[in-house]
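Undergrad: Quick one: the structure is below, and I'll ask about it shortly.
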């Protein structure tokens, strides 16, 4: 989990360091809220377009209920791949997407007591020019495990996301 | 201009992120028992599995620092005991009618309407993974809504006794939660640890004088004051609070400091009290 957080900030800051005009990948940043089984998360993300219709997004978020109300860090890292097969002049785009997530509940910093892993499919919709509105939904399989035991518990999970994305 | 503002914001958000991380404070542990309501929580969006399902019980009992589970018990027409909260099957499953009107064969394949489609669980199945370290509270549902009658207490006790001898658990950690005051005496005489579910302070005090052997009470968090909790504890009775879902409710429970909490947010309660 620690390495994923470091990777997130490494990617975000190194790609930001490039000049916008010479960058090989258009950079956008997102602020997202996700409603899902475990908590409501607020996330910050970096978004990249490649091969015209594909996009990749890397997000880091924290659970509102646990982190803000209970002071126990509940963090989440998402990797999202989307195929925007329907789009119109950069005004809106829509397409299927897959999301892989890992969540970690750590009442003491970097000492997680419970972890979750998720693989989900869904759709992603973006609309707007410079500032885009986002909506996406996912359903898929999740597993959870406790740090003190090796048993995995599998279940079906869901995610409903709303957010904003700003293109530099 | 706006881009520069966003760049500046980016670093501010990073600092905010660090503040969030380092604001994670350690709370005082409290000697409050954390009991999973219906297994892993009831009517709570964060519950992974449906309440009273085998999966929910399994997950709750495996959760580190969880002290036990509270389950809702209903007796089928053939005297077998099943775990189901609501009066009618149609509210949570694709079946209809009441548990009390169906036999084991009819109940065996019923599944919940939830995403995971868990099967209805039979009390007998709990012995498989209930190893005696945890507390078990059985909320005895005494009425049959479809027939509008009260079930036979002696048949209930006989079925429960059959189950009890199979379970490798010291008696001290298995409690029944009753909702019918007429059932208190037969359960106490049969050697059960009895809790009574009541939100009325006067009724609780009357029951303490009528049945000094009663172990304690179960009460809705909103309807039980700190003074009432303290009074009951001073009288040597246990008090468990339920309907605890929100962070605000968890803080209220922390303030009241009851014997235990039958929490719908099991994970949140562990974070708060353990």
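Protein chains in written order, with the working numbering: chain A, 1 to 168; chain Y, 169 to 442. For each residue, glycine too, the CB sits at the ideal point set by N, CA and C.
1) Compare the C-beta of residue 113 (chain A) against all C-beta atoms of chain Y and say whether one is closer than 8 Å.
2) In whole angstroms, give me the CA-to-CA distance for residue 114 (chain A) and residue 206 (chain Y).
3) Per the contact definition of three or more C-beta pairs closer than 8 Å, is the region 357-368 of chain Y in contact with the region 284-292 of chain Y?
4) Look at the alpha carbon of residue 215 (chain Y) and the alpha carbon of residue 226 (chain Y), and state the distance between them as a whole number of angstroms.
5) For residue 42 (chain A), list the residues DSSP reports as bridge partners.
6) Looking at the secondary structure, which residues open and close the alpha helix (DSSP H) in which residue 72 (chain A) lies?
7) Does the beta carbon of residue 153 (chain A) sit closer than 8 Å to a beta carbon anywhere in chain Y?
8) Given a limit of 9 Å on CB to CB distance, which residues of the region 223-241 of chain Y reach chain A?
9) With a threshold of 8 Å between beta carbons, is residue 348 (chain Y) in contact with chain A?
10) On the three-state DSSP scale, how would you describe residue 397 (chain Y)?
11) Using a beta-carbon distance below 8 Å, is residue 39 (chain A) in contact with chain Y?
12) Would a C-beta distance cut-off of 8 Å place residue 204 (chain Y) and residue 230 (chain Y) closer than the cut-off?
13) What span of residues does the alpha helix (DSSP H) with residue 418 (chain Y) cover, start to end?
14) Going along the chain, which residues of its own chain have a beta-carbon closer than 7 Å to the beta-carbon of residue 220 (chain Y), five neighbours each way excluded?
15) Should residue 318 (chain Y) go down as buried or exposed, given a rule of 16 or more other Cβ atoms within 10 Å for buried?
16) So which of Y:269, Y:406 and Y:394 has the shortest CA-CA distance to residue 243 (chain Y)?
17) Which two residues bound the contiguous alpha helix (DSSP H) that contains residue 374 (chain Y)?
18) Could you give the residue range of the alpha helix (DSSP H) that holds residue 119 (chain A)?
19) Out of Y:384, Y:310 and Y:361, which one is the CA nearest neighbour of residue 350 (chain Y)?
20) Taking 6 Å as the limit between beta carbons, can you name the residues of its chain near residue 57 (chain A), skipping five residues before and five after?
21) For residue 196 (chain Y), count the other beta carbons within 10 Å of its own beta carbon; 16 or more makes it buried, fewer makes it exposed. Which is it?
22) Note down, in chain order, each residue of its chain lying with its Cβ closer than 6 Å to the Cβ of residue 138 (chain A), except the 5 sequence neighbours on either side.
23) Give me the Cα-Cα distance between residue 147 (chain A) and residue 400 (chain Y), rounded to the nearest whole angstrom.
24) Can residue 34 (chain A) and residue 83 (chain A) be called in contact, C-beta distance under 8 Å?
25) Among Y:347, Y:396, Y:357 and Y:257, which has the Cα closest to the Cα of residue 308 (chain Y)?
TA: Judging by the given coordinates:
1) yes
2) 21 Å
3) no
4) 13 Å
5) A:33 and A:62
6) Looking at the DSSP string, residue 72 (chain A) is not in any alpha helix (DSSP H), and its letter there is neither H nor E.
7) yes
8) 223, 226, 227, 230, 231, 232 and 233
9) no
10) helix
11) yes
12) no
13) 415-424
14) 206, 207, 239, 240, 251, 252, 253 and 289
15) exposed
16) Y:269
17) 369-378
18) No alpha helix (DSSP H) contains residue 119 (chain A), which is instead part of the beta strand (DSSP E) from 114-127.
19) Y:310
20) 45, 47 and 80
21) exposed
22) 99, 120, 122 and 159
23) 37 Å
24) no
25) Y:347
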